[in-house]
Amino acid sequence: MIMLSIALLKTLNRIGIHYSWFMALLAFLALFFSSAAMGTPGILMVPITQGFGWTISDFSMSLSLLFVSVAIAAPFGTALMHVLGLTRVIIISSALIIVGFLLTIISYEKWHFLFSIGICLGLASGVLGVGFAAIVATRWFDARRGLVIGILASAWAAGQLILLPLIAWISETFGWQYGILPTSLGCLLSIILFLLFGKNWPSDLNLQPFGGEKDSKNFLIEQSGNPIKMSFEVLRSSVRHPGFWILSLTFFICGLTSNGLISQHFVAFCSDINIGIVVASSYLALMGVFNFLGATSSGWLADRIDNYKLLAFYYAFRGLSLIYLPYSSLDVFSLTLWAIFFGFDFIATIPPTARFSAKFFGKINGPIAFSWMFCIHQLGAASAAFSAGEARDVILSYGPVFVTAGVMCFIATLSLLLFKISGKSDLSYTE
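Each position in the sequence shown, counted from 1, maps to that position plus 1 in the numbering used here.
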């Protein structure tokens with residue numbers, strides 16, 4: 002395999018492209034398809050519940066467990082990559098996604114879906130979460146790191162959205178069991194590419210990170226160690242910094258309002274107002290396109306503008322979008338407009354949050370600390386995935402749910418602004 006990597010390296014050098022950018026491409030694909038594994042069940046929820054005669058809240062239990070599993074796996078997955086290397090972890094996780102989807106085909110009891118979707122997909126997607134994006138950006142890039150995190154974060158969100166119309170069409174045309182094919186085949190592609198070309202560090206090819214010198218301290222951690230112990234040690238040191246708590250609080254609200262609420266319940270919301278799953282998923286796909294633009298722009302802005310101001314604006318704008326949705330006319334124009342603006346903001350919070358983590362906790366511990374924040378992000382998603390379904394079955398409407406989520410976004414904005422003026426917002430991880 003090393004011969005293929007060296008041949009590719011020579012080819013990239015001839016056209017003036019650093020191998021770091023190719024690794025970013027591989028990471029983009031892995032994140033795209035692993036995150037699609039989280040978005041797919043939201044599309045399959047309606048046909049599965051209709052087929053088995055279940056309620057939305059019955060299936061919401063599997064969605065909630067999925068996000069809890071993602072939350073549990075995220076911090077340990079990042080530490081595991083430090084010990085085993087990126088390539089091995091990505092291959093194992095992508096294979097687990099494929100296994101999880103295959104198990105859904107033979108599932109017919111609620112607990113079957115709890116295991117196949119809640120456990121298998123959740124653990125695999127958690128390992129390949131935004132902590133993975135932070136590791137790739139930190140290891141392979143000393144320059145343009147914010148931009149790279151923005152691009153990779155957009156892949157993580159876009160995967161949950163862009164494939165959805167295709168999955169919905171396949172499910173309606175051939176049955177929901179065939180809706181697993183796009184994501185499963187994409188994960189298989191990721192396995193093959195990382196087997197052939199994936200590398201753990203620039204030093205594996207005698208390279209420097211893009212835009213900087215090699216820091217020898219970065220290469221000591223991967224040789225040995227217990228990833229669970231390592232992850233908890235980073236957590237123990239991180240919780241002493243007030244920034245960890247404010248970022249975790251706001252990231253909890255981020256997960257609640259994006260992955261947990263919109264990604265999993267927007268199609269069901271549209272079903273309540275007689276919009277089919279293919280059309281509803283098309284709005285999510287439109288969100289995915291503008292999410293890519295928003296996240297990439299956020300990464301670019303995070304390298305240039307006060308990150309506190311960026312985050313405060315993002316949460317306030319998201320709050321307005323959520324409150325607007327149930328009170329709009331719900332026609333094609335208003336839903337398209339909402340999808341565009343919410344898409345811009347969908348995961349724009351990730352680049353500045355990841356940059357704060359690197360600033361507060363350092364180049365080695367920063368990605369692991371960020372994975373703990375991502376863990377809390379997914380707990381927020383889990384709470385919304387379950388509670389939104391329960392609330393909808395009780396009050397027969399998603400309207401109050403969206404309004405409540407919007408108010409929580411305003412709480413996030415206020416928290417960031419208060420922390421900014423507290424005098425503790427500029428402490429580094431060494432202080």
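No residue lacks a Cβ here, since even glycine has one placed at the ideal position from N, Cα and C.
Small disclaimer: the values here were computed from a predicted structure and weren't measured.
Excluding the 5 residues flanking it on each side, Phe142 has same chain C-beta neighbours closer than 7 Å at Ser21, Val149, Pro210, Phe211 and Gly212, in chain order. Of the other Cβ atoms in all chains shown, fewer than 16 fall within 10 Å of the Cβ of Ser398; this residue is therefore exposed.
DSSP, read as helix, strand or coil, puts Phe211 in strand. Around the CB of Trp112, fewer than 16 other CB atoms lie within 10 Å, so the residue is classed as exposed. In the structure shown, Phe347 falls within a coil segment according to DSSP collapsed to helix, strand and coil. Going by beta carbons, Ala317 and Thr258 fall outside the 8 Å limit. A residue is called buried when at least 16 other Cβ atoms come within 10 angstroms of its Cβ; Gly176 does not meet this threshold and is exposed.
The alpha-carbon separation between Ile16 and Ala8 amounts to approximately 13 Å. Fully contained in the segment 284 to 341 are the following alpha helix (DSSP H) runs of length 4 or more, in chain order: 308 to 328.
In this structure Gly256 touches His378 by the C-beta definition: roughly 4 Å separates them, less than 8 Å. Ranking Leu338, Leu302, Phe252 and Ile118 by CA distance to the CA of Ser283 puts Leu338 first. Taking C-beta atoms under 8 Å as the contact rule, Ala286 and Ile163 qualify, at a distance of about 5 Å.
Bounds of the alpha helix (DSSP H) holding Glu173 are Leu165 to Phe175. Shortest Cα-Cα distance from Ile276 to any of Ser239, Leu331 and Leu323 involves Leu331.
If you ignore the 5 residues before and after Ile99, its C-beta comes within less than 6 Å of the C-beta of Ser185 and Cys188, all in its own chain and listed in chain order.
Annotation for Arg237: the continuous alpha helix (DSSP H) segment containing it runs Pro228 to Ser239. Bounds of the alpha helix (DSSP H) holding Thr88 are Leu87 to Ile106. With contacts defined as CB atoms closer than 8 Å, Val90 and Gly130 fail to qualify as a contacting pair. Burial is judged here by how many other beta carbons sit within 10 angstroms of a residue's own beta carbon; Gly363 has at least 16 and is buried. Here Phe342 is not near Ser358, since their CB atoms are 8 Å or more apart. Short of 7 Å from the beta carbon of Thr56, and not among the five residues preceding or following it, lie these beta carbons of its own chain, in chain order: Thr50 and Asp394. The beta carbons of Ile412 and Ile254 sit closer together than 8 Å. Ala74 is not a Cβ neighbour of Ser191, given a cutoff of 8 Å. Note that the segment 104 to 124 does not touch the segment 192 to 209; fewer than 3 beta-carbon pairs, one per stretch, sit closer than 8 Å.
DSSP lists Phe211 as the beta-bridge partner residues of Phe142. Looking at His83, Leu182 and Leu311, the one whose alpha-carbon comes closest to that of Ala37 is Leu182.
A Cβ-Cβ distance of about 7 Å is found for the pair Gly180 and Thr41, placing them in contact under the 8 Å criterion. A distance below 7 Å between beta-carbons, with the five flanking residues on each side excluded, links Tyr325 to the following residues of its chain, in chain order: Trp339. Taken atom to atom, the span from the alpha-carbon of Gly199 to that of Leu85 is near 13 Å.
Excluding residues up to 5 positions away in sequence, Ser416, Leu417 and Phe420 lie with their Cβ nearer than 8 Å to the Cβ of Ile247 in the same chain. With distances taken between CA atoms, Phe267 lies nearest to Leu45 out of Lys11, Leu45 and Leu13. In the three-state reduction of the DSSP assignment, Trp112 falls in the helix class, which pools H, G and I.
Ala135 is a Cβ neighbour of Pro368, given a cutoff of 8 Å. Using a Cβ distance threshold of 8 Å, Ser61 and Phe270 do not count as a contacting pair.
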